[in-house]
Amino acid sequence: ENNNHKNVLPPPSPAELTKESGKNNQRLKLNRSFVDKTKSAVRMSNDHQKEVGLEHKPEDELQNTGLDDGIMKVTPGLGEVGRPVILNQKEQILADELFSSAAFNVYISDRISLNRSVPDARHPLCKNVQYENNLPTASIVIIFTNEMWSSLLRTIHSVMNRTPSHLLHEIILVDDLSTLEYLKGKLENYLKKNLPKNKIKLLRMKKREGLIRARLAGAQIATGDVLVFLDSHCETNFMWLEPLLQRIKEDRKTVVCPIIDVIDDKTLQYVASNGEYFQIGGFTWNGHFTWIEIPEWEEEQRKSVVAPTKSPTMAGGLFAIDRNYFWEIGSYDEGMDVWGGENLEMAFRVWMCGGSLEIIPCSHVGHIFRSFHPYSFPGNKDTHGINTVRTVEVWMDEYKKYFYMHRPDLRHVNYGDITKRLELRDKLQCKDFEWYLENIYPQKFTFDQNVFAFGIVRNPVSNLCLDNLNRDEDKSEPLGLHHCKSQKGVVMNQVFSLSASNELRQEENCAEVLYKTSKYQKVMMVKCHGRGEGQEWHHMRGGPIIHRETGKCLDVAGSKATKDVYVTECKGTHSQIWWFENYLNM
Ligand code: UD2
Ligand code: MN
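119 is the number of the first residue of the sequence shown in UniProt numbering; add one for each residue after it.
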């Protein structure tokens with residue numbers, strides 16, 4: 119697995135956030151086990167069959183229906199109101215075998231009605247919001263490559279079931295060269311037979327174009343007022359479309375996103391929170407999308423918890439945009455292949471060129487977040503990386519150096535021709551990236567801004583440097599030591615800052631002493647909380663790095679390369695001396 123090729127993770131639910139970490143904290147790493155798999159689950163075991171009116175199936179028949187053949191095997195009642203489905207042991211084995219073809223539990227998906235109901239995921243206040251009668255109409259563009267039959271059709275049916283027909287101009291399906299047999303003739307027939315002809319268009323790509331060019335092709339044939347893009351494994355919620363259209367009617371230069379609810383990849387549970395807590399989009403300097411908290415000033419500015427909320431970036435899959443504005447603002451970069459990076463590109467472009475990007479809390483759409491890609495990447499290219507190079511080269515100005523710091527492997531990659539995109543930026547007279555950071559994402563941490571010191575952090579005697587040892591930055595992991603790397607700028611694991619608020623930090627993670635009892639205390643890298651406390655460190659050029667709360671010093675003694683680092687009693691020994699690569703006068 120390519121470590122740089124991370125999938126977009128689902129936003130956290132409140133249940134995932136511990137009480138302590140509270141609202142100020144960054145999200146914890148996704149923990150799929152937070153879903154209570156037993157509560158209100160409809161079980162597919164024999165003793166629960168009466169409950170859902172399921173007739174007994176002999177074992178050998180079950181064996182035969184394991185295959186994903188694009189045939190629905192619906193059990194009435196299963197998964198209704200978005201409830202999780204729990205399989206018995208035998209079925210779980212069949213389901214596990216199918217899992218890799220879809221990256222979600224397609225065995226269960228095939229057994230849930232295409233018209234299943236979902237829980238109302240909206241904040242109660244949304245029920246009082248009034249929408250105008252004459253809203254603009256929508257062209258819903260759904261792109262897919264080898265999507266499973268049941269998830270694709272459930273997406274389409276959920277749109278049909280929960281969208282007022284006068285607002286639904288059309289659904290445009292774009293098949294990005296699927297090879298699954300049932301997505302060919304059978305799909306055409308199904309649509310003809312079961313869906314209103316005048317509302318459905320099906321477009322087939324002649325070669326594998328990737329999601330960016332597939333969306334462009336769909337947008338080209340659309341004729342509604344607004345374009346709405348959806349992934350091919352979604353379920354729309356109550357009144358999902360009206361709030362999006364309303365906002366675009368008020369301001370045609372706003373690109374709007376629903377809150378994306380989690381449809382659990384293992385149980386197909388539609389996870390509905392109380393609608394109050396959600397996060398907005400950010401990015402990391404290594405070029406990935408990430409969920410961030412709503413900053414205080416935005417909470418104040420938006421007046422109500424259900425009012426449109428400005429977001430620096432978006433996840434990418436689910437959004438609505440005025441159709442003419444989509445083309446005016448530069449649609450997509452058609453030089454981007456397969457998957458990844460187009461969402462940050464569009465977010466930077468929209469903000470920098472005079473538009474805005476918002477999450478509309480009263481609009482909810484569920485999405486199956488998958489932990490790997492079930493489809494191929496032609497040529498095995500890191501398309502996320504290369505697409506992101508195109509993005510940083512066009513939009514990030516001198517800030518691209520931070521990206522390359524993390525991705526030295528992409529410094530000399532062939533990313534194709536970007537002249538047209540640079541011309542676009544010029545033509546639209548867009549603002550620069552510094553403006554974007556200052557005005558749209560001022561909370562974004564930059565290594566060398568508002569810091570006392572930054573760069574690699576060396577203990578001269580041992581020639582060991584602080585190093586995150588490539589550990590998972592989304593989890594709390596110990597801080598480590600490694601031989602100092604000599605090459606400047608290609609040492610992302612060893613770049614730290616001593617921030618103006620006295621944090622020893624890397625991107626969104628701060629060093630903290632968590633176990634305050636033992637003699638050698640480990641230092642953990644955890645999400646920065648900005649409150650000082652256990653995350654406050656003091657340091658002067660060439661002196662010790664002192665943890666304020668415990669009064670102890672970072673020490674290489676008792677440790678060695680590629681091992682964790684500790685704090686010990688401050689003794690003024692050589693093992694407690696540190697130099698940052700750069701000190702700034704502040
Ligand atoms: C997220 C977005 C996705 C896209 C991506 C970054 C959400 C919920 N999803 O990843 O829309 O912005 O980040 O690029 O925000 N597809 C094709 N051709 C391809 C590859 C994919 O048509 O070559 C389709 C695929 O069938 C799916 C959609 O594109 O309907 C998005 O792909 P994904 O679901 O694998 O992406 P996801 O949700 O991990
Ligand atoms: Mn998706």
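We put the CB at the ideal spot given by N, CA and C, even for glycine. All of these numbers come straight from a predicted model, not from anything done at the bench.
Assigned secondary structure, residue i (DSSP; H/G/I helix, E/B strand, else coil)
i	result
residue 504	helix
residue 481	strand
residue 695	coil
residue 579	coil
residue 499	coil
residue 466	helix
residue 445	helix
residue 623	strand
residue 652	helix
residue 336	helix
residue 474	strand
residue 705	Outside the displayed range of the chain (119 to 704) lies residue 705, so it cannot be described from this structure.
residue 601	strand
residue 701	strand
residue 645	strand
residue 141	Residue placement at residue 141 cannot be trusted, given a pLDDT of 34 that sits under 50; what the coordinates show is reported in the next sentence. Residue 141 falls in the coil class under three-state DSSP.
residue 154	Residue confidence is low: residue 154 scores 32 on pLDDT, short of 50, so the model does not pin down where it sits. Its coordinate-derived value is still stated next. Note: residue 154 maps to coil in three-state DSSP.
residue 533	coil
residue 584	strand
residue 407	strand
residue 174	The predicted position of residue 174 is uncertain, since its pLDDT is 35 and thus under 50; a value taken from the coordinates is nonetheless stated next. Correct three-state label for residue 174: coil.
residue 460	helix
residue 160	Reliability of the predicted coordinates at residue 160 is poor, the pLDDT of 42 falling under 50, and no value is obtained from them.
residue 268	helix
residue 674	coil
residue 276	helix
residue 545	helix
8 Å Cβ cutoff met for residue i and residue j
i	j	result
residue 254	residue 367	yes
residue 341	residue 268	no
residue 626	residue 652	no
residue 343	residue 441	yes
residue 262	residue 293	yes
residue 328	residue 457	yes
residue 515	residue 541	no
residue 398	residue 436	no
residue 531	residue 574	no
residue 450	residue 333	yes
residue 232	residue 271	yes
residue 508	residue 454	yes
residue 373	residue 305	no
residue 702	residue 663	no
residue 276	residue 354	yes
residue 577	residue 677	no
residue 582	residue 600	yes
residue 594	residue 642	yes
residue 337	residue 345	yes
residue 430	residue 465	yes
Per-residue burial, residue i [other beta carbons within 10 Å of its own, 16 or more giving buried]
i	result
residue 358	buried
residue 672	buried
residue 650	exposed
residue 179	Summary for residue 179: the model assigns pLDDT 40, below 50, so the residue's position carries little reliability; its value from the coordinates is reported in the next sentence. With fewer than 16 other Cβ atoms within 10 Å, it is exposed.
residue 618	exposed
residue 670	buried
residue 376	buried
residue 339	exposed
residue 240	buried
residue 529	exposed
residue 331	buried
residue 598	buried
residue 189	exposed
residue 163	With a pLDDT of 38 at residue 163, under the threshold of 50, the modelled position of this residue cannot be trusted; read the value that follows with caution. It is exposed - the Cβ of residue 163 has fewer than 16 other Cβ atoms within 10 Å.
residue 565	buried
residue 415	exposed
residue 535	exposed
Closer than 7 Å: residue i CB and nearest ligand 4 heavy atom
i	result
residue 379	Among the ligands present in this structure, namely ligand 1 and ligand 2, ligand 4 is not found.
If contact is defined by three or more beta carbon pairs under 8 Å, each pair taking one atom from either stretch, is the stretch 280 to 287 in contact with the stretch 515 to 524?
no
Is it a yes or a no for the stretch 381 to 400 touching the stretch 194 to 205, going by three-plus beta-carbon pairs under 8 Å?
yes
Assess contact between the stretch 422 to 439 and the stretch 469 to 483, defined as three or more Cβ pairs (one per stretch) separated by less than 8 Å. Is contact present?
yes
To test your reading of the DSSP string, which unbroken beta strand (DSSP E) runs of 3 or more residues are found completely within the stretch 184 to 223?
none
Mind pulling the beta strand (DSSP E) runs of 3 or more residues that sit fully within the stretch 411 to 456?
437 to 440
Segments assigned beta strand (DSSP E), at least 3 residues, entirely inside the stretch 328 to 372
344 to 348 and 352 to 354
Taking the runs of the alpha helix (DSSP H) that are 4 residues or longer, which of them lie wholly in the stretch 221 to 261?
224 to 227
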